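Under this note's numbering, think of the first position of the sequence shown as 392, with each following residue one higher. Every residue, glycine too, gets a C-beta built ideally from N, C-alpha and C. All of these numbers come straight from a predicted model, not from anything done at the bench. Everything below concerns the one structure shown next.
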Amino acid sequence: MAGRFWGALLAGLVSSAGAAEPAAPVDSWPAISIIIDDLGRDLPAGLRAVRLPGAVACAFLPRSLHARRLALAAHSHNKEVLLHLPMQPVGLRPLDAGGLTLDMTERELVQALEQDLASVPHVSGVNNHMGSLLTRHPGHMLWLMQALNRHGDLFFVDSRTTSATVALQVAAENQVPGLERDVFLDNRRDPEAISTRFDELLAKARARGFAVGIGHPRPATLEMLEQLLPTLEQERMRLVPIAEMLKLRQRRVESWRASWSPSPKGVKSSRPSP
Numbered sequence: 392m393a394g395r396f397w398g399a400l401l402a403g404l405v406s407s408a409g410a411a412e413p414a415a416p417v418d419s420w421p422a423i424s425i426i427i428d429d430l431g432r433d434l435p436a437g438l439r440a441v442r443l444p445g446a447v448a449c450a451f452l453p454r455s456l457h458a459r460r461l462a463l464a465a466h467s468h469n470k471e472v473l474l475h476l477p478m479q480p481v482g483l484r485p486l487d488a489g490g491l492t493l494d495m496t497e498r499e500l501v502q503a504l505e506q507d508l509a510s511v512p513h514v515s516g517v518n519n520h521m522g523s524l525l526t527r528h529p530g531h532m533l534w535l536m537q538a539l540n541r542h543g544d545l546f547f548v549d550s551r552t553t554s555a556t557v558a559l560q561v562a563a564e565n566q567v568p569g570l571e572r573d574v575f576l577d578n579r580r581d582p583e584a585i586s587t588r589f590d591e592l593l594a595k596a597r598a599r600g601f602a603v604g605i606g607h608p609r610p611a612t613l614e615m616l617e618q619l620l621p622t623l624e625q626e627r628m629r630l631v632p633i634a635e636m637l638k639l640r641q642r643r644v645e646s647w648r649a650s651w652s653p654s655p656k657g658v659k660s661s662r663p664s665p
């Protein structure tokens, strides 16, 4: 929190100086996206999340009690709606309704996915709930990504609940637009820890141009985001929807590829000299 205060103060002093350079255009600022997971169980917490300022994405557990009502509310508040798809974790943690498991056949997995998508209106993408076991299995990820590809307009965000995940790789191989989570904002639930993780998210965005954070509809998380999101402009940071973040990532990949490609002048002709 202190780092943001002094950074904003310094930026203000510099901008007020006569010799200061013109400010960079807003669309060149680094960008973050934030997803609030686990929505649909708790109506008051869900409504509070939906009303967060800016382009916060809302991820709803399928078939949960309040998912439909809250997804409609999120859409009316111009929030992206995601399906927060339960997937089997390592260990014996119980799986939420509509979850995908390792013992499913392809037909069973696709049928569960379609029912899950139908339970949440206005879905524009999917991210995984748990899934530390399932996301490391290429076969099941292939079935999932092929099914998402058939919808034609859905993206996938890998929550990265395990470092062994292959979900994003398989998404790319099946032409499903994808991103991965960079920071969990509230692994620790006290406000100071959440603020520190928010700072880490901003630092990652400044380092490479974009970053994705995930939080949950807990009182401390929602309170901190209500305080911190309005400060992004003074940080020269943008909060963008996942759909825009996907475009930013693609442009960065293309720029990186171009920087490693030989220039036309540097490429020698294969034709023999006369």
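Host alpha helix (DSSP H) of residue i (start-end)
| i | result |
| --- | --- |
| Ala503 | Glu497 to Ala509 |
| Asn518 | That residue, Asn518, is in no alpha helix (DSSP H); its beta strand (DSSP E) goes Val514 to Met521. |
| Asp590 | Pro582 to Arg599 |
| Leu668 | The requested residue 668 does not occur in the structure, where the chain is confined to residues 392 to 665. |
| Leu559 | Ala558 to Glu564 |
| Ala458 | Ala458 to Ser467 |
Counted within 10 angstroms of its Cβ, other Cβ atoms place residue i as buried (16 or more) or exposed
| i | result |
| --- | --- |
| Gln618 | exposed |
| Gly543 | exposed |
| His457 | buried |
| Leu404 | For Leu404, the predicted structure reports a pLDDT of 43, less than 50, and the residue's modelled location is therefore unreliable. A value from the coordinates is still provided. Under this definition Leu404 is an exposed residue. |
| Arg643 | exposed |
| Arg572 | buried |
| Ala602 | buried |
| Arg541 | exposed |
| Lys659 | In this prediction, Lys659 scores a pLDDT of 48, lower than 50, which makes its location untrustworthy; no coordinate-derived value is stated. |
Straight-line Cα distance separating residue j from residue i
| i | j | result |
| --- | --- | --- |
| Leu476 | Pro453 | 7 Å |
| Ala598 | Glu499 | 42 Å |
| Leu483 | Val517 | 24 Å |
| Ser406 | Glu624 | No answer about Ser406 holds up, because its pLDDT of 45 lies below 50 and its placement is not dependable. |
| Leu486 | Gln479 | 7 Å |
| Met521 | Gln560 | 18 Å |
| Pro632 | Lys470 | 8 Å |
| Arg460 | Gln641 | 33 Å |
| Val501 | Leu533 | 11 Å |
| Leu616 | Leu443 | 7 Å |
| Ile423 | Glu564 | 25 Å |
| Leu438 | Ser650 | 45 Å |
| His468 | Leu434 | 16 Å |
| Thr556 | Leu491 | 15 Å |
| Trp420 | Gly600 | 8 Å |
| Ala465 | Ser646 | 34 Å |
| Arg648 | Ala436 | 43 Å |
| Val548 | Arg432 | 21 Å |
| Pro582 | Glu497 | 43 Å |
| Leu570 | Ser550 | 9 Å |
Residue range of the beta strand (DSSP E) that includes residue i
| i | result |
| --- | --- |
| Gly569 | Gly569 to Glu571 |
| Met615 | Met615 -> not in any beta strand (DSSP E); alpha helix (DSSP H) instead, spanning Pro610 to Leu619. |
| Val441 | No beta strand (DSSP E) contains Val441, which is instead part of the alpha helix (DSSP H) from Leu434 to Val441. |
| Val548 | Phe546 to Asp549 |
| Met536 | Premise fails: Met536 lies in the alpha helix (DSSP H), Pro529 to His542, not in any beta strand (DSSP E). |
| Asp429 | Ala422 to Leu430 |
| Ala448 | Ala448 to Phe451 |
Sequence-distant residues of its chain with Cβ nearer than 6 Å to residue i (five each side left out)
| i | result |
| --- | --- |
| Pro568 | Phe546 and Leu637 |
| His607 | Asp428, Asp429 and Asp577 |
| Ile426 | Ala448, Ala450 and Ile605 |
| Gly445 | Leu620 and Leu630 |
| Arg627 | Trp420 |
| Ser455 | Gly431 and Arg432 |
| Met536 | Val561, Ala562, Asn565 and Val567 |
For residue j and residue i, believed in contact at Cβ under 8 Å, the rounded distance
| i | j | result |
| --- | --- | --- |
| Arg629 | Val417 | 7 Å |
| Gly530 | Asp507 | No, Gly530 and Asp507 are not in contact; Cβ-Cβ is about 19 Å, not under 8 Å. |
| Ala440 | Leu613 | 6 Å |
| Ala538 | Leu504 | 5 Å |
| Ala558 | Asn519 | 7 Å |
7 Å Cβ shell around residue i - same chain, five flanking residues per side excluded
| i | result |
| --- | --- |
| Ser523 | Pro480, Val481, Thr552 and Thr553 |
| Arg673 | Summary: the structure shown does not reach residue 673, with the chain confined to residues 392 through 665, and so no result is reported for it. |
| Ala462 | Phe451, Val472, Val511, Pro512 and His513 |
| Ala596 | Pro421, Ala422, Ile423, Ala602 and Met628 |
Sequence-distant residues of its chain with Cβ nearer than 8 Å to residue i (five each side left out)
| i | result |
| --- | --- |
| Leu493 | Gln479, Leu524, Leu525, His528 and His531 |
| Ser515 | Glu471, Val472, Leu473, Asp544, Leu545, Phe546, Ile633 and Ala634 |
| Leu639 | Ala422, Gly600, Phe601 and Val631 |
| Met495 | Ala503 and His531 |
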